[in-house]
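A.B. asks:
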Amino acid sequence: MRPFASGRSVVLWCVLLAAASPRSVPRPPAAEDGYDLWLRYRLVDDAGRLAQYRAALTHLVVEGDSPTLRAARDELSFGLAGLLGSAIPGADSVRRDGALIAGTPATSPLVAALPLADDLRRAGDEGFVLRALRVRGRQAIVIAGNSGAGVLYGAFHLLRLIQTGTPLGALAVVGAPKLRLRLLDHWDNLDRTEERGYAGRSLWDWTHLPDSIDPRYRDYARANASLGINGTVLTNVNANAGVLAPDFLAKVAALASVLRPYGVRVYLTARFSAPIELAGLGTADPLDSAVRAWWRRKVDEIYRVVPDFGGFVVKANSEGQPGPQDYGRTHADGANMLADALAPHGGVVMWRAFVYSNDVPTDRVRQAYDEFTPQDGKFRENVLLQVKNGPLDFQPREPFHPLFGAMPRTPLMMELQITKEYLGQDTHLAFLAPLWEEALRADTYARGPGSTVGHEIRGLAGVANVGSDRDWCGSDLNQANWYAFGRLAWDYTLSSAAIADEWIRMTFSNDPRVVGPVKAMTLASREAVVNYMTPLGLAHQMARGHHYGPGPWVAGGRADQTSVYFNRADTAGLGFDRTATGSNAVRQYFPPVRRRFADRDSVPETLLLWFHHVGWSQRLRSGRTLWQELLSHYQAGVDTVRWMEQTWDGLQGLVDSERFRRVQAFLRIQEVEARWWRDASVSYWQSFSHLPLPPGYEAPAHSLDWYRQLRCPPDPRKPRCDALTNNGTP
Ligand code: GCW
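Residue numbers for the sequence shown follow our numbering, beginning at 801 and rising by one.
(1) Kindly examine the ligand GCW and report whether one of its heavy atoms sits closer than 8 Å to the Cβ of residue 1193.
(2) List the residues that DSSP assigns as beta-bridge partners of residue 1286.
(3) Using the three-state DSSP reduction, which class does residue 1469 fall into: helix, strand or coil?
(4) In whole angstroms, what is the alpha-carbon distance linking residue 913 and residue 1280?
(5) For the alpha helix (DSSP H) that residue 854 lies in, which residues bound it at each end?
(6) In chain order, what residues of the same chain lie with their CB nearer than 6 Å to the CB of residue 1227, ignoring the 5 residues before and after it?
(7) Kindly indicate the opening and closing residues of the beta strand (DSSP E) around residue 1217.
(8) With a threshold of 8 Å (Cβ to nearest heavy atom), would residue 946 be considered close to the ligand GCW?
(9) Among all the DSSP beta bridges, which residues are the ones paired with residue 1342?
(10) Pick out whichever of 1179, 1239, 1093 and 1271 has its Cα sitting closest to the Cα of residue 1001.
(11) Find out if the Cβ-Cβ distance for the pair residue 1253, residue 985 is shorter than 9 Å.
(12) What is the DSSP secondary structure of residue 1188, reduced to helix, strand or coil?
(13) Is it buried or exposed for residue 1119, if we count other Cβ within 10 angstroms and need 16 for buried?
(14) Does the ligand GCW have a heavy atom nearer than 8 Å to the CB of residue 1172?
(15) Any heavy atom of the ligand GCW inside 8 Å of the beta-carbon of residue 1152?
(16) From residue 1493 to residue 1296, what does the alpha carbon distance come to, in whole angstroms?
(17) Under three-state DSSP, which class holds residue 1032?
(18) What's the call for residue 977, buried or exposed, on a 16-neighbour Cβ count within 10 Å?
(19) What do you get for residue 1334, buried or exposed, if any count of 16 or more other CB atoms within 10 angstroms of its CB means buried?
(20) Over the uninterrupted alpha helix (DSSP H) stretch that includes residue 1427, give me the two end residues.
(21) CA-CA distance, residue 1535 and residue 1413?
(22) Measure the alpha-carbon distance for residue 819 versus residue 965 and round it to whole angstroms.
(23) Keeping to the same chain, check which residues put their C-beta closer than 6 Å to that of residue 900; ignore five residues upstream and five downstream.
(24) Since residue 1112 and residue 1068 should fall inside the 8 Å C-beta cutoff, what is the C-beta to C-beta distance between them, to a whole number of angstroms?
(25) Tell me the residue span of the alpha helix (DSSP H) that contains residue 1167.
(26) Taking C-alpha atoms, which residue in 1340, 1187 and 1233 lies nearest to residue 1214?
(27) If you reduce the DSSP assignment to three classes, tell me which class residue 994 lands in.
(28) Within the same chain, show all residues whose beta-carbon is closer than 7 Å to that of residue 1317, passing over the 5 residues directly before and after it, in chain order.
(29) Any idea what DSSP makes of residue 1023, helix, strand or coil?
(30) Can we count residue 1158 as close to the ligand GCW, meaning its CB is less than 8 Å from some heavy atom?
(31) Since residue 987 contacts residue 1037 with CB under 8 Å, what's their CB separation in whole angstroms?
(32) Could you tell me the alpha carbon to alpha carbon distance between residue 1458 and residue 1034, rounded to whole angstroms?
(33) Where DSSP assigns a beta bridge to residue 1069, which residues make up the other side?
(34) Roughly how many angstroms lie between the CA atoms of residue 1347 and residue 872, to the nearest whole one?
(35) Determine the direct distance from the alpha carbon of residue 954 to that of residue 1400, and round the result to whole angstroms.
(36) What do you reckon, is the C-beta of residue 996 under 8 Å from a heavy atom of the ligand GCW?
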């Protein structure tokens, strides 16, 4: 038999051959394990753009030799080698077109000679100037800063522009952080367990420090520097005094020396009773002279080993932590004692406002405001009050905390939670930038309209979601929240959509077939979680303890940690009356906000049940009853997750198969669990409303008792219930 017998089969053969040739078949992206985060530096895949970048960047001239400038040079060499396909040579002068020049006016004669004075003034201490301009008659790109950190941030910004496919021809950017303190808070314990961590163990390998330095520390520092994060609190706010002992301080010093070139300062949590626990003093009273002297000596000792130590974060008299009130003293007394010890070295105290009394005297969400506003003006200058975004506790949605704008004589920071304790932890996709954007843009009216929360703060702290997992964050999509936190800490006016766009391009691809759908998914994800967990202003309806999965029936024990305390469900209706007829927490907001929240006709429906107890059959602005509206929100949450699943399924072949499958599997879990949330919640509310489900509504698969009795495994990291997934449906 002769092959290729007919003309037709020859053509067919050629078509098959062509299809098999590597040039014509787009190869699926290579498998990735997520370790590289958004710093993947893969070859620019648009040939035209690549040629432009290669022409614009032919040699690298870094003038100056500090550790931070070396870090900038190393990152540029490494990043550009990947993005452009080959290393760009270093040089000590401008040789031809395409010089990439980096330095500060103090370290670089080239930079000093350029007309950048105005731009550099705007850049400030930590900012940068990026410009395409002619230098010595040659076309060049300049990264200038007033400090090494500024140059480093500029280097990362340039790499980001290339990663996201931005043309460089007319480059003219001045970047400067809007907030001075941009910190990750690790709730990490000295035994490497983590409080509310869902990405493995703590990154800090205390046992092998200070002698053994895990290479991950440097990559962690790079990731932070790429966003402008300039501090890290190594230890849990539920603190262990042990970290202040000399052997641990040596370990802290070793970590600090890895992070320092990347502009990341180290901070620690200070356990208030440390003088008792470490030195055997009889008291930790902040007005006691021996206690004060002990802290002064301790702080001096810290600065001897970590000369740029940032300071302390303190959780005091909250959830069982020791504090000044144990001695009849105020929060200001406690904070000021530490502030006095730190002040000579330039350190700060971040004193947390997350306090609520042990005896549940009043609405829990009122207490921080009631406790701290009388102390306004009583704190030292180097104390910042660190306030969570909302008055309760990192819920999928809360109103902004009424302390923002209410302490004009005390600098405030905002604390966000990147690790998603209450939003599905490692598994559920919930892009948090929309939540944070909502808080940062909320108008407090403290100084008239336009006094947004962002304007009222000096710093942003984010409870880290970073652990020892290979992908750092427990899932590929959780990385977006680390990224978004850092970008918002740098510039709180950035939009969620802009942040998502950058992150997707850097993490997955510039291909519009990827960017569009992934952006739509990420941006819809937080509202989906709100809908299937706690719609219409409900809060804290999670299972007890681990906070994973629904538990609207949780009662007993300490009242203000239970779901029934917060939902106030009864046969009349649902929701917490925080108006004048109830706890009057609404009074803590400035009048325009107060009026808006207090009035059933003007309160945003997204916060309705936070502020009002509403009858099951009362009509909302939509014309539907509360019952109908609730049902439709729960269903919308599930529907959005199903749509996210389908959207992701459509990306097969466009995203590398390893990450594609991992995300796909988590979205499957999220869909099952969104139904679990919907069904458990609706069944529970129905036991009060006694109202029917409308025809066609997806009825709960089980009885309320079944959901109530469901026991999840005790492993706090994986509390999922197998019973839910048996036979594929709950
Ligand atoms: O959200 C609650 C958490 C606690 C945490 C506390 C806090 C560190 O459930 O795990 O403790 O907040 O912020 O202090």
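Cβ atoms here follow ideal geometry from the backbone N, Cα and C, with glycine treated the same way.
Treat the numbers as computed from the prediction; the structure is a model and nothing was measured.
C.D. replies: Per the coordinate set shown:
(1) The residue given as residue 1193 occupies position 393 in the sequence shown. Between the ligand GCW and residue 1193, a heavy atom-to-CB distance of less than 8 Å is present.
(2) As a working note, residue 1286 is residue 486 in the sequence shown. For residue 1286, DSSP assigns no beta-bridge partner whatsoever.
(3) To locate residue 1469, count along the sequence shown from 1; it is residue 669. Assigned with DSSP and collapsed to three states, residue 1469 falls in helix.
(4) Working through the sequence shown from its first residue, we reach residue 913 at position 113. Working through the sequence shown from its first residue, we reach residue 1280 at position 480. C-alpha separation (whole angstroms): 40 Å.
(5) Walking along the sequence shown from the start, residue 854 turns up at place 54. That run of the alpha helix (DSSP H) goes 847-856.
(6) Start at 1 with the first residue of the sequence shown, and residue 1227 comes out as number 427. Here the set comprises 1466 and 1469.
(7) Numbered from 1 along the sequence shown, position 417 holds the residue referred to as residue 1217. Residue 1217 -> beta strand (DSSP E) spans 1212-1217.
(8) In the sequence shown, counting from the first residue as 1, residue 946 sits at position 146. False, no ligand heavy atom lies under 8 Å from that Cβ.
(9) To locate residue 1342, count along the sequence shown from 1; it is residue 542. Paired residues: 1350.
(10) Here the question's residue 1001 lines up with position 201 in the sequence shown. Among 1179, 1239, 1093 and 1271, the Cα nearest to that of residue 1001 is on 1271.
(11) Mapped onto the sequence shown, residue 1253 falls at position 453. Mapped onto the sequence shown, residue 985 falls at position 185. At least 9 Å separates the beta-carbon of residue 1253 from that of residue 985.
(12) For the purposes of this step, residue 1188 is identified with residue 388 of the sequence shown, where counting begins at 1. Looking at residue 1188 - three-state DSSP - the assignment turns out to be strand.
(13) Start at 1 with the first residue of the sequence shown, and residue 1119 comes out as number 319. Under this definition residue 1119 is an exposed residue.
(14) Residue mapping note: residue 1172 aligns to position 372 of the sequence shown, counting from 1. Outside the cutoff, so no.
(15) Counting from 1 along the sequence shown, the entry for residue 1152 is found at position 352. Yes - the ligand GCW has a heavy atom lying nearer than 8 Å to the Cβ of residue 1152.
(16) In the sequence shown, the residue the question calls residue 1493 occupies position 693. In the sequence shown, the residue the question calls residue 1296 occupies position 496. Rounded to the nearest angstrom, the two C-alpha atoms are 36 Å apart.
(17) Taking the first residue of the sequence shown as position 1, residue 1032 is located at position 232. In the structure shown, residue 1032 sits in a strand (DSSP, three-state: E or B).
(18) For the purposes of this step, residue 977 is taken as the residue at position 177 of the sequence shown. Looking at its Cβ environment, which holds 16 or more other Cβ atoms inside 10 Å, residue 977 is buried.
(19) The count along the sequence shown starts at 1 and reaches residue 1334 at position 534. Buried, because 16 or more other Cβ atoms sit within 10 Å of the Cβ of residue 1334.
(20) Residue numbering aside, residue 1427 sits at position 627 when the sequence shown is read from its first letter. Element bounds for residue 1427: 1426-1449.
(21) Only positions 801 to 1530 of the chain appear in this structure, which leaves residue 1535 out of reach.
(22) Locating residue 819 in the sequence shown gives position 19, where the first residue counts as 1. Locating residue 965 in the sequence shown gives position 165, where the first residue counts as 1. In this prediction, residue 819 has a pLDDT of 41, which is less than 50 and means its spatial position is unreliable; what the coordinates show is noted afterwards. If I take the Cα positions, the gap works out to 29 Å.
(23) Indexing the sequence shown from 1 puts residue 900 at position 100. 857, 860 and 941.
(24) The residue labelled residue 1112 in the question sits at position 312 within the sequence shown. The residue labelled residue 1068 in the question sits at position 268 within the sequence shown. Yes, residue 1112 and residue 1068 are in contact; Cβ-Cβ is about 6 Å, under 8 Å.
(25) Along the sequence shown, read from residue 1 onward, the residue named residue 1167 stands at position 367. In the DSSP assignment, residue 1167 falls within the alpha helix (DSSP H) that extends over 1167-1172.
(26) Locating residue 1214 in the sequence shown gives position 414, counting from the first residue. Nearest of 1340, 1187 and 1233 to residue 1214, Cα basis: 1187.
(27) Position 194 of the sequence shown, counted from the start, is the residue given in the question as residue 994. In the structure shown, residue 994 sits in a strand (DSSP, three-state: E or B).
(28) Sequence index remark: in the sequence shown, residue 1317 carries index 517 (1-based). The answer, listed in chain order, is 1447, 1450 and 1451.
(29) For the purposes of this step, residue 1023 is taken as the residue at position 223 of the sequence shown. Here residue 1023 sits in helix by DSSP.
(30) Counting from 1 along the sequence shown, the entry for residue 1158 is found at position 358. Of the heavy atoms belonging to the ligand GCW, none sits nearer than 8 Å to the Cβ of residue 1158.
(31) Locating residue 987 in the sequence shown gives position 187, counting from the first residue. Locating residue 1037 in the sequence shown gives position 237, counting from the first residue. The beta carbons of residue 987 and residue 1037 sit about 6 Å from each other, so the pair counts as a contact at 8 Å.
(32) For this step, residue 1458 is matched to residue 658 along the sequence shown. For this step, residue 1034 is matched to residue 234 along the sequence shown. Looking at the two C-alpha atoms, the distance is approximately 31 Å.
(33) By 1-based counting over the sequence shown, the position of residue 1069 is 269. Per DSSP, 1113.
(34) In the sequence shown, the residue the question calls residue 1347 occupies position 547. In the sequence shown, the residue the question calls residue 872 occupies position 72. If you take the alpha carbons of residue 1347 and residue 872, they lie about 41 Å apart.
(35) One-based indexing of the sequence shown puts residue 1400 at position 600. One-based indexing of the sequence shown puts residue 954 at position 154. Each residue's alpha carbon lies about 49 Å from the other.
(36) Position 196 of the sequence shown holds residue 996. It does: the Cβ of residue 996 is within 8 Å (strictly closer) of some heavy atom of the ligand GCW.
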